[in-house]
Amino acid sequence: MFRTALRQSSRLLTSSMRPAVFTGVRVLPSMSVAPQMVFGGRFYSSGGPPSKTDIEGRIVELLKGFDKITDPSKISTTSHFSNDLGLDSLDTVEVVMAIEEEFSVEIPDKEADAIQSVGQAVDYIAAQPGAV
Numbered sequence: 001m002f003r004t005a006l007r008q009s010s011r012l013l014t015s016s017m018r019p020a021v022f023t024g025v026r027v028l029p030s031m032s033v034a035p036q037m038v039f040g041g042r043f044y045s046s047g048g049p050p051s052k053t054d055i056e057g058r059i060v061e062l063l064k065g066f067d068k069i070t071d072p073s074k075i076s077t078t079s080h081f082s083n084d085l086g087l088d089s090l091d092t093v094e095v096v097m098a099i100e101e102e103f104s105v106e107i108p109d110k111e112a113d114a115i116q117s118v119g120q121a122v123d124y125i126a127a128q129p130g131a132v
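In the UniProt record's numbering, the protein residues as written are 1 to 132.
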C-alpha cells in the first residue's frame, strides 16, 4: 500500500525533484538486513502471598464498605458476622463471595459455611496458596 502511494506520487514529481525526495528512502549500507535474534526474558512476580495483617486489613475495609453493617466500629479480627455485626445468613454468603472476589480464590460451599468471623476468614485466606 505504501509502495503504491509512493509510485503514484513519484510520477507526479518532476525529474529535478526526484533525487531530493528519494534520498531519504534509501537503505543505508551500514544497516544489516539479516534478522537479529534477541532474547527478551520477562519475569513477573506478585511478591509472594499477602501477610495476615494485609489480609485482615483488606477484609476489614471490605466489611466497612458493606452496607448491611450499621456500626463499622464493631469490625475487628474477633468479630462474628451474625452475633457482633448483625448479619443474617444471606448477608454472610454475600460477604464470603466478596472475600472470594477480593482475593481471587474460590471457596467451596462446605468451607464457606464454616467461615463465620473475620478471624476465620483471615485464617482461611492465609492458608490458600493462590490468594492475591
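The beta-carbon is built from N, C-alpha and C at its ideal position, and this holds for glycine as well. As the structure is a prediction and not an experimental result, all values here were calculated from the model.
Interface flag, L62 vs chain B, CB-CB below 8 angstroms: This model lacks chain B altogether; it includes just one protein chain.
Which listed residue (M97, Q128, T4, D109) has its alpha carbon closest to that of F66: M97
Classify T70: buried if its beta carbon has 16 or more other beta carbons within 10 angstroms, exposed otherwise. exposed
How big is the Cα-Cα spacing for S76 and I55? 12 angstroms
Can you give me the start and stop residues for the alpha helix (DSSP H) that V132 sits inside? Per DSSP, V132 belongs to no alpha helix (DSSP H) and is neither H nor E.
Taking the straight line between their C-alpha atoms, what separation do you get for L62 and G47? 22 angstroms
Buried/exposed call for V132, threshold 16 Cβ in 10 Å: exposed
Residues in its own chain within less than 8 angstroms of E101 by CB, not counting five upstream and five downstream? none
If you check the beta carbons only, do G82 and Q116 fall under 8 angstroms apart? The displayed chain sequence assigns Ser, not Gly, to residue 82. Cβ distance < 8 angstroms, so S82 and Q116 count as in contact.
Could you check which residue in V118, F103, K110, D109 has the C-alpha nearest to that of Q128? F103
Residue(s) in a DSSP beta bridge with S117: H80
Is G86 helix, strand or coil by DSSP? coil
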